[in-house]
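In full-length UniProt numbering, the protein residues as written are 1 to 132.
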Amino acid sequence: MATYDVALVLLVDPSGAVLLQHRDEDIEVSPGQWSLPGGHVEPDESPEEAAHRELLEETGLTADELHLVWSGPRPYEPDFPHTVTVHVFQGATTARQEDVILGEGQAMVFVPRDQVFDRALAVSAALALRLI
């Protein structure tokens with residue numbers, strides 16, 4: 001069983017919309033579901049550094065400030081074979097949808113806050129979105 005950390009970015013635009021990624025269908029974790037930009041924390045970086053790196057890699061966007069809003073174990077899912085600590089960072093952006101560069105996944109879109117729970121959310125994204 002693998003043990004690792006992931007950093008997720010809860011990025012909010014001026015209207016309050018949240019940036020969500022529609023994950024690829026052929027990946028191991030949360031295929032085809034909606035999640036927050038983010039990924040593995042590399043051995044040589046802090047969770048905050050990973051959050052900034054993953055945000056840039058997956059969206060082409062940067063955030064001046066990211067604030068840790070939660071760290072803890074990934075929510076339980078039957079048959080999930082890993083032990084994961086999730087670090088959720090929140091930040092604000094003035095970016096618009098047309099500024100987003102899709103670097104990973106099927107889509108990366110700003111979703112109005114009142115519509116985020118209408119999507120098939122990955123378990124970590126669902127937990128993080130309940131924080132706002």
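Cβ coordinates follow ideal geometry from the N, Cα and C atoms, glycine included.
Asked, Found
"Roughly how many angstroms lie between the CA atoms of residue 79 and residue 54, to the nearest whole one?", "26 angstroms"
"Just how far apart, CA to CA, sit residue 34 and residue 43?", "26 angstroms"
"Excluding the 5 residues flanking residue 73 on each side, which residues of the same chain have their C-beta closer than 8 angstroms to its C-beta?", "83, 84, 85, 86"
"DSSP puts residue 11 in a beta bridge; with which residues?", "91"
"For residue 61, does the three-state DSSP call read helix, strand or coil?", "coil"
"Just checking my contact of residue 122 with residue 22 at CB under 8 angstroms: how many whole Å lie between their CB atoms?", "So it is not a contact: roughly 10 angstroms between Cβ atoms."
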